[in-house]
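There are 2 protein chains.
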Amino acid sequence: MPEFFKVVRCEDALAMLRDNFPHQRAEEIDLSAALNRVLARDIVGQEDIPGFERSTVDGYAVRARDTFGSSESMPGFLTMKGEVVMGEQPEFSIREGWCAWIPTGGMLPPGADAVVMVEHTERLGEDTVLVNRPVGPYDNVIRVGEDARKGETIFTQGHRLRPQDIGVLAALGLNRVEVVASHRVGIISSGDEIVPITCTPNIGQVRDVNSYSLAAAVEKAGGTPRVYGVIPDNMELLTATLAKAVRENHLVILSGGSSIGQRDFSLKAMLSLPEASMLFHGVAARPGKPTLAVRVDGGLIVGLPGHPVAALMMFEIFCAPLLGTAAMRRVRATLTANVASQAGRDDFVRVELIDDGERMLANPVHGKSGLVRVMSSAQGYVHIPYEKQGIKAGEPVLVTLF
Amino acid sequence: MPEFFKVVRCEDALAMLRDNFPHQRAEEIDLSAALNRVLARDIVGQEDIPGFERSTVDGYAVRARDTFGSSESMPGFLTMKGEVVMGEQPEFSIREGWCAWIPTGGMLPPGADAVVMVEHTERLGEDTVLVNRPVGPYDNVIRVGEDARKGETIFTQGHRLRPQDIGVLAALGLNRVEVVASHRVGIISSGDEIVPITCTPNIGQVRDVNSYSLAAAVEKAGGTPRVYGVIPDNMELLTATLAKAVRENHLVILSGGSSIGQRDFSLKAMLSLPEASMLFHGVAARPGKPTLAVRVDGGLIVGLPGHPVAALMMFEIFCAPLLGTAAMRRVRATLTANVASQAGRDDFVRVELIDDGERMLANPVHGKSGLVRVMSSAQGYVHIPYEKQGIKAGEPVLVTLF
Chain A
4 MPEFFKVVRC EDALAMLRDN FPHQRAEEID LSAALNRVLA RDIVGQEDIP
54 GFERSTVDGY AVRARDTFGS SESMPGFLTM KGEVVMGEQP EFSIREGWCA
104 WIPTGGMLPP GADAVVMVEH TERLGEDTVL VNRPVGPYDN VIRVGEDARK
154 GETIFTQGHR LRPQDIGVLA ALGLNRVEVV ASHRVGIISS GDEIVPITCT
204 PNIGQVRDVN SYSLAAAVEK AGGTPRVYGV IPDNMELLTA TLAKAVRENH
254 LVILSGGSSI GQRDFSLKAM LSLPEASMLF HGVAARPGKP TLAVRVDGGL
304 IVGLPGHPVA ALMMFEIFCA PLLGTAAMRR VRATLTANVA SQAGRDDFVR
354 VELIDDGERM LANPVHGKSG LVRVMSSAQG YVHIPYEKQG IKAGEPVLVT
404 LF
Chain B
4 MPEFFKVVRC EDALAMLRDN FPHQRAEEID LSAALNRVLA RDIVGQEDIP
54 GFERSTVDGY AVRARDTFGS SESMPGFLTM KGEVVMGEQP EFSIREGWCA
104 WIPTGGMLPP GADAVVMVEH TERLGEDTVL VNRPVGPYDN VIRVGEDARK
154 GETIFTQGHR LRPQDIGVLA ALGLNRVEVV ASHRVGIISS GDEIVPITCT
204 PNIGQVRDVN SYSLAAAVEK AGGTPRVYGV IPDNMELLTA TLAKAVRENH
254 LVILSGGSSI GQRDFSLKAM LSLPEASMLF HGVAARPGKP TLAVRVDGGL
304 IVGLPGHPVA ALMMFEIFCA PLLGTAAMRR VRATLTANVA SQAGRDDFVR
354 VELIDDGERM LANPVHGKSG LVRVMSSAQG YVHIPYEKQG IKAGEPVLVT
404 LF
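This is the structure in C-alpha cells:
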C-alpha cells in the first residue's frame, strides 16, 4: 500500500509554501476601494495631526489660570473679546481676563490655552461671561501633533484595512493607497464520485462542496477565485486542467482524492507537469493529513483533502496566509470537554463559542467527519500544538476565529 | 441657546429607526456570490445528509461483531468478498465473517455496519484480511441523515454567510439563495470647515474623513454606499442634496454640524423636506449625543456627529443594524482601567484587545477626542448600559468586535 513519503510538520509545510510562492505584488488603489485590503507598506504620517490647536467642545477659549478658583458660588468674570469662526484663523488673541466663543473643532486663538465648556458658563449681556468651574491648561483642547506626529508610523505593512483605518488614512490625506495585489487562485475539484451541486447525487455520489466553500474562503482571504469545476479521474483531463490553471493563476488548489487510490492519481497528474517537484506529501495535522504541495514551472499547486471540513481547515492553515491575510483574530475561552491529541501532530479542533453570562465557553464540535454540523456550528478553532497530547475540559484556550 | 428637544434612550432610538425604515427586501443570487450576505429566510433541509451510509476512512467494511475480541496478538480472520467502488452502489452484501475493501466516502454494502481502518488490518493473499483491533457498530461510518435530516432548519433568517456556510448550502444542493437585498445608503458630509482629503487643510479646516470611513462602514455592513461629498453651510444646496440623496437611496446619513450653530442648520435643512417629521433629536449616549433622525417623504435621514470617532460609533449602533447586519461578534475580556459613566446614558467605550498570555485584556482607548489613536487602535467596544455608573478595572466585560 502506498505511504505518504514526505510527511512534514505544519510549520515546515507553511514555510515551504511561503518560500515557493511568488513574491507579494503591490498595487495602488483608491482609498474608497480599500476596505479589507492589506497594506503593502508602512504608512508614515507626513504632517502633524491636528495641525493646529483645536477645541473639542463648544465653549469659551480662555487662559486656564484665569479660571482657577471659579465655582458656582464664586464664578469668575471674563471679558468677551470675540468669536472664533469655524474654519478660520482667529484674528485676535486672548489676554489676561479675556475669553472668546469657540465652537467644537475651532482653532484656539493665540494666548488661550484651554476651553471652558458652555455648560459651565453663563453669558451676562454682550461683553461678560461667568465661569463657574475651573479648567487646567489644555483641558478640552487637542494640541498640535497630539494625535499623530509627522514621521510617525501609523500602520505597518500587512495591516488589513477596516472602516476606521480608512478614516485615519483620509485624515492623513491619502486618497491612494498601496495594497497587496489580489492573487488569482484556481480551484479544481477532482473525483469520479463528485457531482455538480445542482444534481441529485446517486448512491455513492456527493455534491461538489469544495468548489463553493474554497472559492468563498479565497475571496474572504482577499484572493480572486477561479473555479474549474469537477474533473473526473481521467489522467489526461486532470493534467490538462492543472496545466491551464497553473498558467492562469498564482496558486492552484486541487481538492479531492481522499482515498489512497485517488490520492496517487492526483499526485501523478501533478508530478507529470513540467519541472514538477514535490514539496511535501502529507502533514502531521488533523484534520488534513493528506495535504500535499507540488511546485511546478511557473506555479504552485496545493492538494487538499476531499472532505470539505478538512479541506477548509487546511486552506485556513496553509493557503490563506499566502494570500496576504493579516494576523487572525483570537479570543480566550474555556474548553468544555477533554480533547485528545497525539504528540507529534498539530490538531485543529473546531469549536462553537457560547457565552454563559460569565465566561466564553469553547465547545468542541465533533460528529465524526459530519459535514453540516461541523462546518456550520463552529465559530473558530483551537490549535493543539505538536508537542501536546490534548487539552482538558476547564482549561483556558485561545480560539482563532473563522 | 438651543437645546436638544427630543433626547431619547439608545434602545428607543433604534426601535424608532427600525419602525421607520423600509421593510427588508430580498433578492435571489447565485451561491457563488453569497459570501457575507445575510439570509432573507430560514434554510430547511430538503433531504437527508448523507443520503447513504458512508465510510469516513479507507479500510474494510465489516459486521462489527465479527471484529470483537480481535487484537494484535489474536487477529480476527475475515474473508474478502469484494471492493466498494467510489461513486457506485455495491452489488454484494456482507455476511458473517466477510469483509470488503471500502474507500473514504464509499457506500457501505448491505450487511456491513462498521469500517475497520486499513491501518488496523493486514492483507493475507487474495482472500483473507487480518483485523487486529475491534470496531463497534457504526464506527467510521456516517449514517443516513446523521449530519442533517430532511425538514430540519439548517440556518435561520438573518444569518450571515461564511465560507463554511456556503459549503453547507452547496451540500444541500442550493445553487441559488435568497438574501437580504443590499440597501443603498447616501452619505453627505456638511460643514464649511470640511475640505476634500486631497487638499492640505488651511488653519481651522479638517479633511473629510467621514465620507470615507462611513462609506467603508456601509460596505462592511452589507450596504451600497453612495457618496455626495462635502456640502458647505448653504441652506439651498444642503436641502437640494438631501432631497436628491433621499430619492436615490434607502437611507441617508448626514454627518457634520458638530457645533450648535451647524447642528441647527443641518436640522433646518432636513425639516424643510416634504413631510419631514423629527423622530428624535439627541440620544442619551456617549460619544454621539447629537445623533438625530428625521423621517421624510420616501425616506429616512440619520444625522451623525461630525467627529469621525463618534460618527463611526453611532453608525455601528444605529445604522448597521438597519442594513441587515447579523448579530455582532462578542468576546470576553478583563477591563484594565476604571471607566466612568453616568447613569441615564449609554456609554460605548472603545477598547484595544491585548492577550497577556493568560487572559484577554480590554484596554480603554482614551485620548481626548483624538482621531488617529482612538480610531486605529481599538478592536471593539464595551457597552456601559443606561443604568450603570461605570466599570471598575479588573471586571470582566463583553467586547463587541468592530
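Chains as they are written, first to last, in this note's numbering: chain A, 4 to 405; chain B, 4 to 405. Just so it is clear, CB atoms sit at the ideal spot from N, CA and C, and this is done for glycine as well. Just so you know, these numbers come straight off a predicted model, no measurement behind them.
Cut-off 7 angstroms between Cβ atoms - residues of its own chain near residue i, not counting five sequence neighbours on either side
i, result
"A:P399", "R335, T337"
"A:S216", "P311, L315"
"A:I357", "L364, N366"
"B:P204", "V198, R210"
"B:T70", "G79, V119, V134, P137, V138"
"B:A246", "L276"
"B:K292", "G285, V286"
"B:F321", "A16, L17, L20, T294, V305"
"A:D195", "P235, D236"
"B:Q345", "Q392"
"A:R98", "G114"
Three-way DSSP call (helix, strand, coil) for residue i in this model
i, result
"A:K395", "coil"
"A:F80", "strand"
"A:L42", "strand"
"B:V380", "Looking at the sequence itself, residue 380 of chain B is Ser, so the reference to Val does not match. The answer is helix: DSSP assigns B:S380 an H, G or I state."
"A:V10", "coil"
"A:D195", "coil"
"A:D110", "With the sequence shown as reference, residue 110 of chain A is identified as Met, and Asp is not the correct amino acid for it. DSSP places A:M110 in strand when its eight states are reduced to three."
"A:A279", "coil"
"A:V375", "helix"
"A:L269", "The residue asked about is misnamed: residue 269 of chain A is Ser in this sequence, not Leu. It is helical."
"A:M4", "Any answer about A:M4 is weak, because its pLDDT of 37 lies below 50 and its placement is not dependable; what the coordinates show is given next. The answer is coil: DSSP assigns A:M4 none of H, G, I, E or B."
"A:D51", "coil"
"A:T59", "coil"
"A:A67", "helix"
"B:A36", "helix"
"A:R187", "strand"
Presumed contact (8 angstroms Cβ cut-off) between residue i and residue j, rounded CB distance
i, j, result
"A:N178", "B:I200", "5 angstroms"
"A:F351", "A:A381", "About 10 angstroms separates the two Cβ atoms, so there is no contact after all."
"B:M378", "A:Q167", "4 angstroms"
"A:Q160", "A:L42", "6 angstroms"
"B:Y231", "B:A248", "6 angstroms"
"B:M83", "B:P106", "Incorrect: roughly 15 angstroms between the Cβ atoms, too far for contact."
"A:G306", "A:M273", "7 angstroms"
"B:G3", "B:V354", "Since the first residue of chain B shown is 4 and the last is 405, residue 3 of chain B is not available in this structure."
"A:F283", "A:K9", "5 angstroms"
"A:G207", "B:G109", "7 angstroms"
Same chain only: Cβ atoms within 8 angstroms of residue i, ignoring 5 sequence neighbours per side
i, result
"A:D51", "V147, G148, A151, R152, K153"
"A:G347", "A287, Y389"
"B:S73", "G79, V134, N135, R136, P137"
"A:D21", "Residue 21 of chain A is actually Arg in this sequence, not Asp. Closer than 8 angstroms at the Cβ level, and outside the excluded window around A:R21, lie P324, L325."
"B:E125", "P78, V132, L133, N135"
"A:V60", "T107, V118, M120, V121, N143"
"A:S269", "S193, L241, L257, G259, G260, G306"
"B:D130", "T82, M83"
Contacts around residue i, its chain only, beta-carbon distance under 6 angstroms, and the 5 residues preceding and following it disregarded
i, result
"A:R333", "L401, T403"
"A:E181", "A29, E31, A43, R44"
"A:L326", "H186, A224, G225, G226"
"B:A313", "P290, G291"
"A:E94", "none"
Should the segment 274-287 of chain B be regarded as contacting the segment 210-229 of chain B, the criterion being three or more beta carbon pairs within less than 8 angstroms?
no
Threshold first: 4 residues or longer. Then list the alpha helix (DSSP H) segments lying entirely within the segment 282-370 of chain A, N to C.
311-317
Entirely within the segment 112-184 of chain B and at least 3 residues each: give me those beta strand (DSSP E) ranges in chain order.
117-120, 124-127, 131-134, 156-158, 179-183
For the segment 200-260 of chain A, list the beta strand (DSSP E) runs that are entirely contained and at least 3 residues long, ordered along the chain.
227-234, 254-259
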